[in-house]
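Shown next, in structure tokens, is the structure this report addresses.
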Amino acid sequence: MILFELAVCVLVEEAGVYYAHRLFHHPRLYQHIHKQHHEWTAPIAITAIYCHPVEHICTNLLPPLLGVVLLGSHLATAWLWFSVALLFTLNAHSGFHL
1 MILFELAVCV LVEEAGVYYA HRLFHHPRLY QHIHKQHHEW TAPIAITAIY
51 CHPVEHICTN LLPPLLGVVL LGSHLATAWL WFSVALLFTL NAHSGFHL
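Numbering (UniProt numbering), first residue to last: 1 to 98.
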């Protein structure tokens with residue numbers, strides 16, 4: 001059951017991040033919200049959370065949370081998922097490719 005929940009969380013997060021990120025590339029939203037995230041060009045993990053507060057909520061916080069809430073996941077499963085999601089996000093912004 002844990003693997004199923006983690007798989008659902010991955011799919012929900014991927015879809016949520018994709019559509020939120022795509023939305024923030026709309027010219028009006030990019031200029032006022034998303035541009036801050038692209039100011040850094042150095043591949044440093046902390047740039048994953050260097051963004052406008054609205055973008056942080058919509059792109060970094062809600063997508064990982066949605067799967068856990070929809071499934072009513074156990075606290076331990078949620079903790080595992082958030083840890084894995086955070087590590088993957090930091091790795092994706094670090095410039096290090098496995």
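Every residue, glycine too, gets a C-beta built ideally from N, C-alpha and C.
Small disclaimer: the values here were computed from a predicted structure and weren't measured.
Asked	Found
Candidates Val84, Pro63, Ala42: closest to Ser94 by CA position	Ala42
Local conformation of Phe82 per DSSP, three classes	helix
Cα-Cα separation, Gly67 to Ala45	24 Å
Helix, strand or coil at Thr77 [DSSP, three-state]	helix
Inter-residue spacing [alpha-carbon to alpha-carbon] between Phe4 and Leu86	19 Å
Ile33 classed as buried or exposed, judged by whether at least 16 other C-beta atoms fall within 10 angstroms	buried
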